[in-house]
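Enquirer: One structure follows; several queries about it will come next.
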Amino acid sequence: MDGAWGSIQADWRLLLLLVLLWYILLRTWERNGTLDKWNASRVFGFVL
Numbered sequence: 408m409d410g411a412w413g414s415i416q417a418d419w420r421l422l423l424l425l426v427l428l429w430y431i432l433l434r435t436w437e438r439n440g441t442l443d444k445w446n447a448s449r450v451f452g453f454v455l
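In the working numbering, the protein residues as written are 408 to 455.
Structure follows, in C-alpha cells:
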C-alpha cells in the first residue's frame with residue numbers, strides 16, 4: 408500500500424501565519440466589544 412495516500416502536504420509557515428492572523432482578529436474583536444455583542448462564549452467557546 409502506498410504510504411503517501413491520504414497524506415497532506417502542509418506549508419507550516421502559512422499555517423503559522425493563519426493562526427497569528429486569527430489571534431489578532433480575536434484580540435481586535437475583544438477590544439471593540441464585538442465578541443460581547445455576539446455572545447462569544449457560546450459562539451466561539453470551542454475556539455477561545
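From the three backbone atoms N, C-alpha and C, an ideal C-beta is built for every residue, glycine too.
Helix, strand or coil for Asn446 per DSSP?
Expert: coil
Enquirer: With a threshold of 6 Å on Cβ separation, who are the neighbours of Leu442 within its own chain once the five nearest residues in sequence on each side are excluded?
Expert: Trp436
Enquirer: What first and last residue would you give for the alpha helix (DSSP H) that runs through Ile431?
Expert: Trp419 to Asn439
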